[in-house]
Amino acid sequence: MKTRRFFNGMIVMLIAVAFTSCTNSDNPTNDADTSALTQWQAGKTVSHDAIEAFGGIDKCFAAEPIPDGVWLRMQGKTYKENPYIGRDDLRHIRALHWDYDDQIHVGEMIVNAQIADRVAHIFRQLFDAKYPIQRMLLPDVYDADDETQMRDNNSSCFCYRTIAGSTKLSKHARGLAIDINTLYNPYYRDLDNGTRFIQPATAEAYCDRTWDFPYKIDHDDLCFHLFTEAGFEWGGDWTTRKDFQHFELIE
21 MKTRRFFNGM IVMLIAVAFT SCTNSDNPTN DADTSALTQW QAGKTVSHDA IEAFGGIDKC
81 FAAEPIPDGV WLRMQGKTYK ENPYIGRDDL RHIRALHWDY DDQIHVGEMI VNAQIADRVA
141 HIFRQLFDAK YPIQRMLLPD VYDADDETQM RDNNSSCFCY RTIAGSTKLS KHARGLAIDI
201 NTLYNPYYRD LDNGTRFIQP ATAEAYCDRT WDFPYKIDHD DLCFHLFTEA GFEWGGDWTT
261 RKDFQHFELI E
């Protein structure tokens, strides 16, 4: 009997070790100050049972101080030393989102503390409506390369960088602009030489907004309504250029 108890105990321990290793694999956010949800690897699917075990859906949407592991990942990528914005000015949003695969995915985003609660609430509303967002990963996963993450249709916010084609700081550099489903909602600007600058470069077909396709944002779209009602302007309404993925705070 003692041998069987010992054997069963060893199995339980090995399973626990394996589970811990799996959930922390390639995920450097395993800090003492990191919630259980942020230890679920961003981009992975999560079950309804896991959500209930965590404490319910309401706890799955929150804006919190940036955990140490996340902050470490940001260094030299989305975050660079500067005189304008620091760690205390930013918040880490944890959220769940749906995609067209009818699965619940784990997402995370860094935003300015000024808009953090509003953005977390918007993502909760989008989740309740089963609005499809393909990916919500930190740009650091892509080494903060904007072209690469946009080609992957990633949705994100903070990245300390300039506006494309200029030396002016983007509102992303302050965490006050959010891009949603970026491949299908590209940025473009018509140049004086008759060519068109498009980001991502693979999104030329989606510059034509007269046809229907997945993830398309327009004036009838729920994402458009929620962000504009919360005090953001949409780049799709700009006249000198178009940025269909982009919502930035009106200041």
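Following the numbering used here, the numbering of the sequence shown begins with 21 at its first residue and continues without gaps.
We treat Cβ as the ideally placed atom computed from N, Cα and C, and that holds for glycine.
Here Glu101 carries a coil assignment [DSSP, helix/strand/coil]. The stretch 165-225 contains, as complete alpha helix (DSSP H) runs of 4+ residues, the segments 166-171 (chain order).
Rounded to whole angstroms, the gap between the alpha carbons of His239 and Gln134 is 25 Å.
In the three-state reduction of the DSSP assignment, Gln95 falls in the strand class, which pools E and B.
Looking from the CA of Asp69, the closest CA among Ile124, Gly256, Pro87 and Leu92 belongs to Ile124. Beyond the five residues adjoining it in sequence on each side, Tyr151 comes within less than 6 Å, by CB distance, of Leu242 in the same chain, given in chain order.
The beta carbon of Phe217 is closer than 7 Å to those of Gly185, Tyr208, Arg209 and Leu211 in its chain, skipping five residues each way along the sequence. Take the alpha-carbon of Arg144 and the one of Pro159: they are about 21 Å apart. For Glu128, the enclosing beta strand (DSSP E) stretches over residues Ile124 to Asn132. The way I'd put it, the stretch 93-109 does touch the stretch 164-181; three or more beta-carbon pairs between them come closer than 8 Å. Around the beta carbon of Tyr120, a 10 Å sphere encloses fewer than 16 other beta carbons of the protein chains shown; the residue is thus reported as exposed. In the DSSP assignment, Ala70 falls within the unbroken alpha helix (DSSP H) covering His68 to Phe74. Taking the CA atoms as reference points, Tyr204 sits about 19 Å from Leu246. Ala82 sits in a strand when the DSSP states are folded into three classes.
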